[in-house]
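All remarks here apply to the structure that follows.
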Amino acid sequence: MSVEGTMTKIEKSLMVGRGRWIADFTESFRDFRINDVTFNAFVRGNTRMKGFLLSRVFSATVNPNYSVACFMISTETVRDFDRKFLGRLLQAVRSCMKENEMRWTWLIILSAKSTDALRKLVESLKDQFIGVALIDVDSGSIVNSDSYIGKQVKRFIKI
Amino acid sequence: MSQTFSPLQLYNLFKSCMIIFLLQALAYVFLAPLMSGPLAGFLILSLNVLVSVFVGWRLYKRMYHMIFTYDKNGFALKKGNSEETSGKWKEFSKVSLVRSEQGDFSVRLYRDTESFDLPTYKLKLNPFDFRLEVMQLVSASRDKR
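Protein chains in written order, with this note's numbering: chain A, -1 to 157; chain B, 62 to 206.
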């Protein structure tokens, strides 16, 4: 499957599939620009689940209503995807989180052929509010950052 | 070249027919003591169904039926007998895909602080593909400006 196809699959999965177990993702943008960085996809939502009467009551009384989001970017659309660029990405995500009062976000990096350096870079990240994951589209493997939010990506996103 | 979509919304058609059917059924409850005879029940039911289909169809066309037309310059959306809403792609700056509480998808067009939703679910359009098409149309018309 192509990177674009995988991105659409993840987008669908977040809005109508497994993603709904972690948050209610309701709106998705493509080519979403923040400062000088353009993300291929940006899906946002909140943690207050919708449903029928009992689910609604349960959600309203137990679940906190946090704004959350998922950013996606393909390495194919970036010339040099290195530590410096990842830093810019995280900075852009943080500024969006601050502006929209988001509690946590996922940053998913899709790559047709991920390198060891990139995998190690993602694994070394420890941000507790931004879960970063690198998805190798060819092999279907997922590498995540060393945080609770990062580990959740593997649980809720299947390629 | 413009494209037009006006699919039949079966759920809304059924809803319109049922509204008329139930209203008539309620009226027959009060009229029942005045009617007797072995065929009365069958005739009443047949008449009720026929009237429900006919009036339900008219109600559906008047309240719910959607006609959506678009080309490279803009779009027009008409719901039932209400006034047609139209817009030019160049008026919009952002496009997104929105899922409602009921699980229906719409393509949302942003114009400054306002937004307008194109109900892809009711128009039986693939929301993911149509969103990309609308993005291209918006982007192309903004480049032309």
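Think of the CB as a built atom: it goes at the ideal place given N, C-alpha and C, for glycine as much as any other residue.
- Task: Between the Cα of Gln70/B and those of Ser202/B, Pro180/B and Asp132/B, spot the shortest distance and give me the residue it belongs to.
- Result: Taking the first residue of the second sequence as 1, we reach residue 70/B at position 9. Minimum Cα distance to Gln70/B is reached at Pro180/B.
- prompt: Could you give the distance in angstroms between the alpha-carbon of Val156/B and the alpha-carbon of Tyr146/A?
  reply: As a position in the second sequence, residue 156/B is number 95, starting the count at 1. As a position in the first sequence, residue 146/A is number 148, starting the count at 1. If I take the Cα positions, the gap works out to 32 Å.
(Q) For Lys139/B, which residues in the same chain have their Cβ closer than 6 Å to its Cβ, ignoring the five residues on either side in sequence? (A) Locating residue 139/B in the second sequence gives position 78, counting from the first residue. The answer, listed in chain order, is Ile128 and Glu145.
query = So, using beta-carbon positions, are Ser202/B and Asn134/B closer together than 8 Å?
reply = By one-based count along the second sequence, residue 202/B stands at place 141. By one-based count along the second sequence, residue 134/B stands at place 73. Yes; because the gap between Cβ atoms is below 8 Å, this pair is in contact.
- Message: Using CA atoms only, rank isn't needed, just tell me which of Leu52/A, Arg31/A and Asn61/A is closest to Asp22/A.
- Response: Taking the first sequence and counting its residues from 1, one reaches residue 22/A at position 24. With distances taken between Cα atoms, Asp22/A lies closest to Asn61/A.
*May I ask you to list the residues that DSSP assigns as paired with Phe23/A?*
Here the question's residue 23/A lines up with position 25 in the first sequence. Looking at the DSSP assignment, Phe23/A forms a beta bridge with Gly43/A.
Handout entry: Within-8 Å CB hit, Thr36/A to chain E
Key = No chain E appears in this structure, whose protein chains are A and B.
Which residue comes first and which comes last in the alpha helix (DSSP H) that contains Thr4/A?
To locate residue 4/A, count along the first sequence from 1; it is residue 6. Per DSSP, Thr4/A belongs to the alpha helix (DSSP H) from Val1 to Val14.
Can the beta-carbon of Met196/B be found closer than 8 Å to that of Arg42/A? Taking the second sequence and counting its residues from 1, one reaches residue 196/B at position 135. Taking the first sequence and counting its residues from 1, one reaches residue 42/A at position 44. In this structure, Arg42/A does not lie closer than 8 Å to Met196/B by Cβ.
| Closest by CA to Leu106/B, which one among Trp118/B, Tyr121/B, Tyr125/B and Leu84/B? | Your numbering for residue 106/B matches position 45 in the second sequence. Cα-wise, what sits closest to Leu106/B is Leu84/B.
Within the continuous alpha helix (DSSP H) that includes Gly164/B, where are the two ends? Counted from its first residue, the second sequence places residue 164/B at position 103. Premise fails: Gly164/B is in no alpha helix (DSSP H) and is neither H nor E.
Quiz item: How close, in whole Å, do the beta carbons of Pro68/B and Leu184/B come, if the pair is a contact with beta carbons under 8 Å?
Solution: For this step, residue 68/B is matched to residue 7 along the second sequence. For this step, residue 184/B is matched to residue 123 along the second sequence. So it is a contact: roughly 6 Å between Cβ atoms.
Which chain B residues sit within Cβ distance under 8 Å of Lys48/A? Position 50 of the first sequence, counted from the start, is the residue given in the question as residue 48/A. Result: Glu162.
* Asked: Shortest alpha-carbon distance to Val116/B belongs to which of Ile81/B, Lys149/B, Phe75/B and Ser154/B?
  -> Along the second sequence, read from residue 1 onward, the residue named residue 116/B stands at position 55. Val116/B has its Cα closest to that of Ile81/B, out of Ile81/B, Lys149/B, Phe75/B and Ser154/B.
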